[in-house]
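Plus 8 on top of the position in the sequence shown (first one is 1) and you've got our numbering.
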Amino acid sequence: MTATKIIKLTEIDSTNYFAMNLAMKPDTEEFTVVWADEQTSGRGEGNNFWESEAGKNLTFSIILKPCFLKIEQQFFLSKAISLAIANFLQPIAGHISVKWPNDIYWKNKKICGILIENIVEQNIIRNSIAGIGLNINQEKFLSNAPNPVSLKNIMKQDYDLEFCLKEILLQIERFYQLLIEEKFDEINQLYLSCLYRFDEFAAFKTGKGIFQAKIIRVEDSGELVLELTSGETQKFFFKEIEFMH
């Protein structure tokens with residue numbers, strides 16, 4: 009199960025938009041990849057914008073058809089994709105972690121963003137579009153993003169983008185296969201083992217203020233479970249809580 013087709017584009021508004029439209033066509037095969045040199049409207053979660061210098065980084069989307077997953081299991085796809093990227097980066101740069109829910113960090117800096125969008129019909133996930141922005145060869149970042157970093161920033165050398173893409177796709181294939189085989193416990197263990205700030209007290213922020221807590225688990229639904237200094241536990245969905253750097 010490898011990429012059936014890689015569609016290479018010079019410029020596009022968003023690879024996720026392009027892939028979403030492509031996925032609706034009945035003859036589009038799973039693992040089709042849309043890869044662009046430049047995104048003019050690269051997207052992150054919500055209204056966030058993904059900065060990427062043209063031709064310097066990997067900005068691509070993969071069409072998946074995880075109809076074997078139940079709706080309540082969809083966060084496992086997010087875990088699998090983030091683990092795939094982390095496993096590609098760890099041997100190269102070290103100090104790689106997954107910041108809940110699926111940002112990829114090098115130390116305390118963000119090297120990769122992931123946006124997964126699902127097409128659901130009659131309680132079945134018909135298609136998933138996994139959009140990935142990975143900083144490879146960009147040296148300077150001009151947006152107001154607080155902590156971007158690239159492989160070149162870390163390792164002081166350029167990397168071949170096509171080679172990196174193919175290696176990442178092999179990792180995605182590996183973790184996607186674990187989903188197919190329903191090895192959810194294994195995915196959970198691997199996810200927690202590389203989760204940013206897992207089981208250590210750190211500062212978090214909600215609408216009520218800043219407080220100290222530690223991550224003790226992530227629910228299958230995607231909720232982050234924190235233990236406060238008082239011993240009380242609280243659960244948070246994405247956008248309900250912010251990590252303090």
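Just so it is clear, CB atoms sit at the ideal spot from N, CA and C, and this is done for glycine as well.
I'd like the list of long-range same chain contacts for residue i, defined as Cβ closer than 6 Å, with 5 residues on each side in sequence excluded.
i	result
LEU203	VAL106
GLN146	GLU61, LYS64, ASN65, SER158
THR214	ILE249
LYS16	TRP43
GLY54	For GLY54, the predicted model reports a pLDDT of 48, less than 50, meaning its position is unreliable; a value from the coordinates is still stated below. Nothing meets the Cβ criterion.
ILE100	none
GLN179	ALA92, ASN95, PHE96
I need the boundaries of the beta strand (DSSP E) containing residue i, first residue and last residue.
i	result
THR18	13-20
GLU235	232-236
THR48	Note, THR48: premise wrong, no beta strand (DSSP E); not H, not E.
ARG134	132-142
GLN242	241-244
ILE70	66-72
LYS174	First-last for LYS174: 169-188, but that is the alpha helix (DSSP H), not the beta strand (DSSP E).
ALA210	210-214
So the candidates are the options; which of them puts its Cα closest to the Cα of residue i?
i	options	result
GLN47	ARG205, GLU250, SER69, THR36	SER69
ILE144	THR18, PHE76, ASP45	ASP45
TYR25	PHE183, PRO156, VAL41, THR12	VAL41
ALA88	ASN196, ILE224, PHE246, LYS247	ASN196
PHE76	ILE132, VAL128, SER49	ILE132
LYS78	ILE100, VAL128, LYS174	VAL128
ASN152	PRO34, GLU59, LYS13	GLU59
SER22	GLY230, SER229, ILE137, ARG225	ILE137
LEU169	THR67, MET32, MET28, ASP111	THR67
GLU189	ASP35, SER49, PRO34, PRO74	PRO74
GLU80	PHE192, PHE209, PRO154, THR18	PHE192
ASN126	MET28, GLN165, GLU181	MET28
LEU200	ILE104, ILE20, ARG134	ILE104
PHE219	GLU227, VAL226, THR241	THR241
LYS164	SER86, ARG134, PRO109, LYS148	LYS148
Could you check how far apart the C-beta atoms of residue i and residue j are, in whole angstroms? I think they sit under 8 Å.
i	j	result
MET252	ALA211	4 Å
LYS119	LEU97	It should be noted that the sequence gives Ile, not Lys, for residue 119. The Cβ separation is near 7 Å, so the contact holds.
PHE245	ILE223	The pair is not a contact, with the Cβ atoms about 14 Å apart (cut-off 8 Å).
ILE140	ILE162	Actually they do not touch by this definition, with Cβ atoms about 18 Å apart.
LEU72	TYR184	7 Å
LYS13	GLU37	7 Å
LYS243	GLU231	4 Å
LEU84	LEU198	The question names Leu, but residue 84 in the sequence shown is Phe. So it is not a contact: roughly 11 Å between Cβ atoms.
Just reading off the alpha helix (DSSP H) that residue i is part of, what are its end residues?
i	result
ILE224	Counting along the chain, ILE224 falls outside any alpha helix (DSSP H), though it belongs to the beta strand (DSSP E) covering 217-226.
PHE162	A small fix is needed here, since residue 162 is Ile in this sequence, not Phe. Here the alpha helix (DSSP H) through ILE162 covers 159-163.
ILE195	192-201
ASN29	23-31
Looking only at its own chain, which residues have a Cβ that is under 7 Å from the Cβ of residue i, when we skip the five neighbours before and after it?
i	result
LEU173	TRP43, LEU66, PHE68
Suppose only complete runs of 4+ residues qualify. What are the alpha helix (DSSP H) ranges in the stretch 74-128, listed by chain order? 83-101
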